[in-house]
Amino acid sequence: MTPGPQNETPEQKLTRLQLEKLETDKANDTASRGALWFILLGIPAIIVILCILGLIIAALR
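For the sequence shown, the working numbering gives the first residue as 65, with consecutive numbering after it.
Put into structure tokens, the structure is as follows:
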């Protein structure tokens, strides 16, 4: 949280704090959305890679 000017009114302080909270919420939302996409796409991709590796190993034996 950034310190505001010493002579700001309570209304200015409230507005500044609300804007900071909005920015923080937006960053958190973006991070959670990224984690969700990683889970939705990353886990199936890992399974597919393991299946392909299994097929390659089976073909080499």
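Positions of the beta carbon are idealized from the N, C-alpha and C atoms, including for glycine.
{"Asked": "Over the uninterrupted alpha helix (DSSP H) stretch that includes residue 103, give me the two end residues.", "Found": "Taken as a continuous stretch (DSSP letters only), residue 103 belongs to no alpha helix (DSSP H), as it is neither H nor E."}
{"Asked": "Just how far apart, CA to CA, sit residue 112 and residue 94?", "Found": "27 Å"}
{"Asked": "Taking only the alpha-carbon atoms, compute the straight-line gap between residue 88 and residue 76 and give it to the nearest angstrom.", "Found": "18 Å"}
{"Asked": "Can you give me the start and stop residues for the alpha helix (DSSP H) that residue 69 sits inside?", "Found": "Unbroken run through residue 69: none, as it is neither H nor E."}
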